[in-house]
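Notes follow the structure.
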C-alpha cells in the first residue's frame, strides 16, 4: 500500500527513547473527535473524550521518556525538560494568540479579553474559566475555550518531573500516582454535592482532571516492574483492545448525571490504560497499527497540537462566509489542516534542532545509534530499511497535549 511505512516492531516494555508505533494515529483520532464535536457534531462525538485520550497519551509518553532519560543518565534534567516543553508549546501558542486576537479586534470588531490572553500565555485558562463560576469576571471568546486543557497538562508537568527527581523508589512513585487518581475522584464526588455547577467545575478544574494524565503515567511505571509487567503482558492484543474499547464506550453511554460528573473520568482513565497497553504493545494489532502508521495519518497526528489551537478560529471565519453546513464543515476541515501544516512547519519543525541541544531525542537519532555499520558489513547486511522509510520526526519532540483537545 503506497504511503504505508514498514511496520515498526512493538516498543520495548522498559522505557526507552525508541519510536512508539501507533501514537500518532491515536493523536489524530483524539483531535478529530475534538474538532468534529466543536463543529456541531457533539451529540455523536463527545469532545471531552478526545481530550481524555490526549491526556492519557501525554502521561504515558512523557513519563516513558523521562524514565528512559533516568535509565540512560542516572538522573533527569529538570532544566532541559522545561526548555523542551517551552520550545514545543509556546511558539505555536503565541503565534496563534497574536494572529487571532489581532483579527478579532481589528477585522471583526470583537474586543478581546486581555485577561483571557494572559491566562492562555501563563497556562491558567482553566482556572480563569472556573473562577467565572464564583466571581463576576468578564467571559472570554468561545474560540479560545479549548486552551483549558493545555493548562491542566502544564500544571501536572510542573510537579511530575520533581516527583521523579526526588522520589526514586518505584513503589513510592506508584503510590503517589494512585493517590492522584483517588484524590481526583474524591474531589469530583465532593464537588458534585457542594458546587452549583459540578459538571463544568469537574471538567475544567486542574485537581479534578489530573487523574487522566496519571493513568497514562501509571502504564509507564507498571512496565518498569517485573510483576506488573507480566500482568500487562497478558492484557494485549485484540481481546484486550475490544474490552478496553467497551469500557470507554460504556463510560460514554451510561448517562447518569452523577456518574458523568464523577466516575466517568475514572472509568475512561482506566480504559485508556488498557487500550494503550493492548494497542501499542500487542503484536497482533498489526492491521490497526498499519493504518495508524500510514504517513498522512502520522503527519496529522504530529500536527494535532496546531489543529487543536486553530480549528475553532477557522470555523468562526468560515461560518461568516458560508451558510450551508456541509460546505462550511468541509471548508473548515481543509483550511484547518492547511493552516496547521503551515504553522507546524514554521514552528515545530524549526525548533527541533534547538530542542536537541536540550536532550530531545529524534527517532532518526536512535536508529543511528542502533545501527552499527561495521557489524552490518561483517554480516553482509544492508542498513535497516526502516532508517530510510520511516518519516522523520520524534515523539518526544512532539510532547503534547491535548490535546487536548490537547494535549
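Residue numbers (this note's numbering): 134 to 540. Yeah, the Cβ is synthetic: ideal placement off N, Cα and C, and Gly gets one too.
Chain-order list of residues whose beta-carbon lies under 7 angstroms from that of residue i (same chain, five-residue window excluded)
{"i": "residue 461", "result": "451, 452, 455"}
{"i": "residue 287", "result": "256"}
{"i": "residue 331", "result": "324, 325, 394"}
{"i": "residue 228", "result": "476, 480"}
{"i": "residue 465", "result": "172, 447, 448, 451"}
{"i": "residue 203", "result": "209, 297"}
{"i": "residue 442", "result": "225, 226, 229"}
Exposure of residue i, with buried meaning 16 or more beta-carbon neighbours within 10 Å
{"i": "residue 301", "result": "exposed"}
{"i": "residue 253", "result": "buried"}
{"i": "residue 284", "result": "buried"}
{"i": "residue 516", "result": "For residue 516, the predicted model reports a pLDDT of 45, less than 50, meaning its position is unreliable; a value from the coordinates is still stated below. Exposed is the call here."}
{"i": "residue 206", "result": "exposed"}
{"i": "residue 258", "result": "buried"}
{"i": "residue 410", "result": "buried"}
{"i": "residue 490", "result": "exposed"}
{"i": "residue 389", "result": "exposed"}
{"i": "residue 430", "result": "buried"}
{"i": "residue 145", "result": "exposed"}
{"i": "residue 383", "result": "exposed"}
{"i": "residue 171", "result": "buried"}
{"i": "residue 512", "result": "Residue confidence for residue 512 is low, a pLDDT of 41 falling below 50, so the modelled location carries little weight; the figure read from the coordinates is stated next. Under this definition residue 512 is an exposed residue."}
{"i": "residue 180", "result": "buried"}
{"i": "residue 463", "result": "exposed"}
{"i": "residue 234", "result": "buried"}
{"i": "residue 315", "result": "exposed"}
{"i": "residue 156", "result": "buried"}
{"i": "residue 387", "result": "exposed"}
{"i": "residue 365", "result": "buried"}
{"i": "residue 282", "result": "buried"}
Residue i in three-state terms, based on DSSP
{"i": "residue 515", "result": "The predicted model places residue 515 with a pLDDT of 44, which falls under 50 and marks its position as unreliable; any figure quoted below should be read in that light. Coil, per DSSP."}
{"i": "residue 443", "result": "helix"}
{"i": "residue 179", "result": "coil"}
{"i": "residue 468", "result": "helix"}
{"i": "residue 363", "result": "helix"}
{"i": "residue 263", "result": "helix"}
{"i": "residue 278", "result": "helix"}
{"i": "residue 268", "result": "coil"}
{"i": "residue 373", "result": "helix"}
{"i": "residue 490", "result": "coil"}
{"i": "residue 388", "result": "coil"}
{"i": "residue 347", "result": "helix"}
{"i": "residue 352", "result": "helix"}
{"i": "residue 243", "result": "coil"}
{"i": "residue 257", "result": "coil"}
{"i": "residue 273", "result": "coil"}
Sequence-distant residues of its chain with Cβ nearer than 8 angstroms to residue i (five each side left out)
{"i": "residue 606", "result": "Limits of the chain in this structure are 134 at one end and 540 at the other, which puts residue 606 out of reach."}
{"i": "residue 306", "result": "296, 297, 300, 354"}
{"i": "residue 415", "result": "143, 369, 370, 371, 373, 374"}
{"i": "residue 419", "result": "140"}
{"i": "residue 153", "result": "144, 194, 197, 413, 528"}
{"i": "residue 470", "result": "433, 436, 440"}
{"i": "residue 424", "result": "158, 430"}
{"i": "residue 398", "result": "185, 317, 318, 321, 335, 341, 342, 344, 345"}
{"i": "residue 310", "result": "347, 350, 351, 354"}
{"i": "residue 265", "result": "272"}
{"i": "residue 458", "result": "173"}
Residue j beta carbon less than 7 angstroms from that of residue i
{"i": "residue 412", "j": "residue 376", "result": "no"}
{"i": "residue 208", "j": "residue 246", "result": "no"}
{"i": "residue 337", "j": "residue 447", "result": "no"}
{"i": "residue 269", "j": "residue 480", "result": "no"}
{"i": "residue 321", "j": "residue 339", "result": "no"}
{"i": "residue 349", "j": "residue 163", "result": "no"}
{"i": "residue 426", "j": "residue 477", "result": "no"}
{"i": "residue 444", "j": "residue 168", "result": "yes"}
{"i": "residue 325", "j": "residue 395", "result": "yes"}
{"i": "residue 230", "j": "residue 250", "result": "yes"}
{"i": "residue 345", "j": "residue 313", "result": "no"}
{"i": "residue 279", "j": "residue 211", "result": "no"}
{"i": "residue 404", "j": "residue 385", "result": "no"}
{"i": "residue 166", "j": "residue 174", "result": "no"}
Contacts around residue i, its chain only, beta-carbon distance under 6 angstroms, and the 5 residues preceding and following it disregarded
{"i": "residue 236", "result": "none"}
{"i": "residue 242", "result": "none"}
{"i": "residue 186", "result": "163"}
{"i": "residue 160", "result": "434, 437"}
{"i": "residue 276", "result": "445, 446, 449"}
{"i": "residue 289", "result": "343, 346"}
CB contact below 7 angstroms: residue i versus chain C
{"i": "residue 248", "result": "Chain labels in this structure do not include chain C; a single protein chain is all it has."}
| field | Segments of 4+ residues assigned as alpha helix (DSSP H) that fall wholly inside the region 420-466 | value | Runs found: 428-435, 437-454.
| query | Taking only runs of the alpha helix (DSSP H) that begin and end inside the region 141-210, which ones reach a length of at least 4 residues, in chain order? | reply | 156-169, 180-206
| Length-filtered (4 minimum) alpha helix (DSSP H) runs lying within the region 295-333 | You should have 303-327.
| message | Suppose only complete runs of 3+ residues qualify. What are the beta strand (DSSP E) ranges in the region 390-421, listed by chain order? | response | none
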